[in-house]
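Residue numbers (our numbering), protein chains in the order written: chain A, 1 to 730; chain B, 731 to 918; chain C, 919 to 1180.
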Amino acid sequence: MDKKNVFSRRAFLKGSFTAILVGTGTSLINFDFPTFRKITAAELSRLKVVQSACPRNCYDTCSILSTVEDGVLKKVEGDPKSSFTRGKLCAKGLSYTRSVYSPDRIKYPMRQVGRGSGNWKRISWDEAYTDIAKQILKIKKEYGTTLPICLNKYSGNLNILNYGIEGMMSSIGDTTRATGTPCWPAGIDAQTFDFGTIYNNDPEDIVNSKYLIIWGANPSWCSVHSMHFVKEAKKRGCKLVVIDPIVTQTASKADLFIQIKPSTDGALALGMAKYILDNNLHDAAWLAQNSKGAKEFFDYVNENITVTWAAEKTGIPKEVIEKLAREYATTKPANIWIGYGMQRHTNGGQNVRNIDALAAMTGNIGKSGGGAQYAQLQTWGFQYNAMVQKPPSGIESKGNRSININNFGAEVLNAAEPPIKMLWIACRSPLTQDPEPDMVKKAFEAMDLVVTADMYMNPTVAMSDIVLPVTTTFESTGISVSYWHYWLALNEQAIKPMYETKNDVTIAMELSEKLNELEQGSCTYPTSGDWDSWISKEFNPAIYKQFGMKDWQELKEGPKKAQTGLIAWQDGKFKTPSGKYEFLSENAQKDGHPVLPIYVEEMQAPKQYPLRCLSPHWKLSINSQFQNLDWMAAINNEPFVEIHPKTAQKYNINSGDKVSIFNERGEVNLVAKLTETTTVDTVVVYEIWYKDKKININTTLKAIPSDMGKKATGMPGIAFHDNFVAIKKV
Amino acid sequence: MAKKLAFLVNCEACIGCHACENACKNEYQQEASVRWRKVYPMQEKSFDVPVRVHVSLACNHCEEPACMKVCPAKAYTKREDGIVIHDNEACIGCKLCMMACPYQVPCYDKNLGKVTKCDMCAARQDDGELPACVKGCPMDALAVIDLQEEKYQKLKASLPGYPKNEITHPTTRFVAATVGKQIRRGEE
Amino acid sequence: MTELPLVLFTLLSQMAAGAFLTLHIMQSQNKMDDIVGKSIAKVIVGILGFGLLCSTSHLGDPMGAYRAISNIASSWLSREIVLFGGFFVLTFGYYYKWEDKTLRRIIGTLGSFLAVISVIASGLVYTLPARPAWDSPFPVAFFMISALVLGPLLVTTIASIKKTIVCKKAFRFMMMMLVIDFLCFLMFISMMGDILSMNHIFIVARVMIGMVVPICLIWWSLQKEHDKNLNILPWVFILIILGEFMGRLSFYQDVLPYTMFG
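Structure (structure tokens):
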């Protein structure tokens, strides 16, 4: 059979089928099978490959090559030019075409008649802007300030230009801001006290480690590209130790997996420190030159810590702790990857300080293959031109009002003088992601106007008054960097915005125009500007120097990697007040924390809710994104809870049974999956927004703050994993 | 000597991330329920300790394909290099191949009214490129090998829980996952 | 219910095959009225035709159905279609040439032979190593039993509608086939139980409705006079058809493939 003939006939068949589908006006666009013949020159002009960048809140922040044919995004692939992306994408990135062309996308602005009623009416952008602008001006007139307007924006889209959303708010006056971050603040503070700021080695440097502890992180699900470097390190003789309360996918790859009692990580670190001190395995020379407070810390350890105590606290046998301590202290270089999951406890920040101390006392800081890796913001030194705006003339800015993003519902309701009357929610879904979603819902109900800027009808949008449909990465332009690797990528616009969608900066510009139309001078946000100028204004000489470039347009050829500062603290110049690594941190003390990295007791389970419910990230989603796509639903679409067989037996639960997970806050019903990867006192429910399923594990979650976070991010974090529940068969 | 192409699935390298599944979907844009490659979890009891191990399987391009045997429309052919190809033109959508395949490989595409399956990206390979799943795996856990080569003769052809090979003699080969040491908390 | 077209095709084609065989035997032994026999021949054509139509509706590409005979070299499905195709032509001929007694006998013999091997071929289509419960004599056995239950059932029912006397032998034969069916079914679920997904309520219902009650009714009527036995036929017809339908649905739905790493 002539291969060429077969495929071109196939393409024709598919082509005519597509024509029929499009002709019937369905919104789901079906694709031609790609033509397998060699592309002719004429066809090449219809086909282009565009630089894209994934702007999600993810370690890997991939550089993407998008194939566009006749204005349609055909497929995506990882950019081989980035030595971190290595030409690969994760399951989520590879599903992007499904996201762009999903029939569920919100196509035009809509107004809901009766919040939560589902009674949506299409409105024009002009109507939407008019309604919103009128409301803003009304509030301004009634209260004499724009403080009743509250922005809740976080990390659904980390495109640098998306900080234009904050800019939009600044340009109308002082507003209330949901401040802080649910994600990682306790650890940030801890590293801020210890080092001066967060700063990790280039993850590509992991290959040089000879001992790697992945502590409370699951990169097999959350930083897939890093696992290649972990594999490479193992090939070169690195021992991989994974410390986690459950046998995660990453733990399944470990040479040694140590199952720890949740929230006691600091005790393990201190137990190891005691052993290291007892056996004189610490790096006295490095400590003498680079640290402050080592003596005070050692005194604390010697007087208060024994390995026996640590063993009892953590549930890890004494010999294991001692062996781990010896191996970590004597294998050079030794590396620790501190996960964000690990610090989502009431003592999370303090536990990070304890682990940092371990790295410092063994002299593993500032070395290739070593370190206490958490995150970095070294590559984020942009101008933030889209973000920084002046208030309107005649308005004296006293500063924005901050409320805790991690206790959003309650704090919106409690805000007074003036109260909060309007919400703008962007790049976030509080009703699926926040603790106490019932309080968040109450807060929404108390508003005069709730505006959401989003792509899909998730529960947050479903409770708003006006939804503004936004573009995907492929329909807009921007810049992306990572808080982990050191690459900078340009996101070129690949296709025209679908339906009537707009990106957040366009919304800011057009809203500004409408505000000024209704009341001249009420908004200072620029009302025009082409994308090239918006992008170029984000760059500055420091960024150019760091990335070895002269012009941002060079990024059109491919992403660029930072050329300096790839090994954290290599120059030994810590950003603490003393300029040294601080075991003894007066800054910590000023903020009400212990001055030293001592052990702070973990939260205990209440009697009536004896099971801890961990709610880690899921492999097929990033928070509320991706699981709603049909490709992901085809892989898994049944919310489930992982339970240890012995616990299940106690409650007469078999695999596949429906169980109720509940506490005084709320209840969710899930299918039980029996597994020995968890422990008898812990159940695991991955945090996922399933489209069309009213299941949200956060209904059982109190807004318990983690110990730290206020210093670097403005508010404490959330102890997501200190959630205690009971179960019963349904 | 003609090649005998086969997939090599390295479960040791695999982290069960499903990128391979969606790499295939991304390349061919099949509708949601049509999954040419699927990532299967292995049973915990297959190992000494509880671990999460996955096996990524597409078509096994069998030496004696059951699909080819039962297809009334002669829609299946096995190329000289071993790849089993399904011809959409000839297919009548009777779905007997779906019942005959021990590995549940052929998928019914209700939009086309026909069965489709993995063809090891034959056209891509003919153009000198790797299959989409092989190229897309972040851990480089998939490969296309030539079973004629000496060095692949000793590879495992089966894993615990796999349907028996004697039915169709699948060509997919495996590197089994090894398991490290675990210190787990007691079960009091 | 997704396999409804195949359920209908297999039941109807087996009914037609069994009916043809029954009709041929009965009229060879002069136990069938000529006019009634021709009616039955006509019904057989209609039932088989409708059954074949049902089978094409199962296809994703019905217009391509003609391509289904492309692989008689190795595919039992291709062979089944050729055989049933040939049998269908013969049922036509049987009806149209009914008046010609010599031709009737020749076509009847040929057709009966084709009917039997067509049903066997149908069963062999499903004798697949990939489905352990089917990889056994059971598909062929169940299909043959269906033919030998539904065939005589159709013939006796039409005969009774046409108010002719139906000989007791036909009823005794049906009762015997139902007992064989029952035993076969019991053997099947006891041997294959753990690779089937049938639930107990279904099994009891299938056996009661399709086997036990009809057997009792037929046995009871056999004790009566000839003309009294016609009353039970409508009930027996409905019960057996329902039972066969349930059984065939289960045949398609409840037979599990190999688990993948399960």
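All residues carry an ideal CB built from backbone N, CA and C; glycine is no exception.
Query	Result
Supposed close pair residue 1155 of chain C, residue 929 of chain C - CB separation, criterion 8 Å	Contact flag wrong, Cβ pair sits at about 13 Å.
8 Å Cβ shell around residue 782 of chain B - same chain, five flanking residues per side excluded	746 and 771
Residues that residue 869 of chain B contacts on chain A, provided the C-beta gap is smaller than 7 Å	227, 228 and 231
Validate contact between the segment 148-156 of chain A and the segment 365-376 of chain A using beta carbons, cut 8 Å, 3 pairs	no
Residue 153 of chain A - containing alpha helix (DSSP H), residue span	Taken as a continuous stretch (DSSP letters only), residue 153 of chain A belongs to no alpha helix (DSSP H), being part of the beta strand (DSSP E) at 149-153.
Proximal chain B residues relative to residue 564 of chain A, where beta-carbon distance stays under 9 Å	By Cβ distance, chain B contributes nothing, its closest Cβ being about 27 Å from residue 564 of chain A, past 9 Å.
Nearest candidate by alpha-carbon position, reference residue 107 of chain A, set A/456, A/542 and A/690	A/456
Cβ pair residue 281 of chain A, residue 354 of chain A closer than 8 Å	no
Residues that residue 882 of chain B contacts on chain C, provided the C-beta gap is smaller than 8 Å	Going along chain C, no residue has its Cβ under 8 Å from residue 882 of chain B, so there is no contact; the nearest lies around 22 Å.
Cβ neighbour criterion (16 or more within 10 Å) applied to residue 1173 of chain C	buried
Touching by the beta-carbon criterion (3+ pairs, under 8 Å), the segment 680-700 of chain A and the segment 430-449 of chain A	yes
Cut-off 6 Å between Cβ atoms - residues of its own chain near residue 871 of chain B, not counting five sequence neighbours on either side	740, 743 and 744
Neighbour list for residue 207 of chain A in chain B, Cβ cutoff strictly below 7 Å	Result: empty, since nearest Cβ-Cβ is about 14 Å, beyond 7 Å.
As assigned by DSSP and simplified to three states, the class of residue 1139 of chain C	helix
Residues bridged to residue 215 of chain A (per DSSP)	A/243 and A/338
The beta strand (DSSP E) enclosing residue 612 of chain A, as first and last residue numbers	611-614
Beta carbon of residue 838 of chain B nearer than 8 Å to that of residue 982 of chain C	no
Rounded distance between the beta-carbons of residue 272 of chain A and residue 325 of chain A, thought under 8 Å	4 Å
Chain B contact for residue 700 of chain A (CB, 8 Å cutoff)	no
Simplified DSSP assignment, three categories, for residue 676 of chain A	coil
Nonlocal neighbours in the same chain, by C-beta distance under 8 Å from residue 553 of chain A, ignoring five residues either side	none
is_contact[residue 887 of chain B, chain C] using C-beta, thresh 8 Å	no
Residue of A/268, A/285 and A/314 minimising C-alpha distance to residue 301 of chain A	A/268
Residue 967 of chain C Cβ short of 7 Å to the ligand SAH heavy atom set	Here there are no bound small molecules, and the ligand SAH is not part of this structure.
Within-8 Å CB hit, residue 832 of chain B to chain C	yes
Cβ separation of residue 199 of chain A and residue 569 of chain A, assumed to be a contact under 8 Å, to the nearest whole Å	6 Å
Pick from B/823, B/851 and B/831 that is closest to residue 794 of chain B, judged by C-alpha positions	B/831
Burial state of residue 23 of chain A (16 or more Cβ within 10 Å)	Residue confidence for residue 23 of chain A is low, a pLDDT of 42 falling below 50, so the modelled location carries little weight; the figure read from the coordinates is stated next. When all chains shown are included, residue 23 of chain A counts as exposed.
Cβ of residue 721 of chain A within 8 Å of any chain B Cβ	no
6 Å CB neighbourhood of residue 623 of chain A in its chain, flanking five on each side removed	433
Within 7 Å of chain B by C-beta, residues of the segment 642-671 of chain A in sequence order	646
Neighbour-count burial assignment, residue 9 of chain A, 16 or more Cβ in a 10 Å radius	Summary for residue 9 of chain A: the model assigns pLDDT 44, below 50, so the residue's position carries little reliability; its value from the coordinates is reported in the next sentence. Burial call: exposed.
Residue burial classification, residue 601 of chain A (beta-carbon count within 10 angstroms, cutoff 16)	exposed
Short CB-CB distance (under 8 Å) between residue 25 of chain A and chain B	The pLDDT assigned to residue 25 of chain A is 39, lower than 50, so where the model puts this residue is not dependable; a value taken from the coordinates is nonetheless given after this. False, the Cβ-Cβ gap to chain B never drops below 8 Å.
Against chain B: residues of the segment 598-626 of chain A by CB proximity under 7 Å	619 and 620
Cross-chain neighbours of residue 848 of chain B in chain A, by beta carbon under 9 Å	Going along chain A, no residue has its Cβ under 9 Å from residue 848 of chain B, so there is no contact; the nearest lies around 14 Å.
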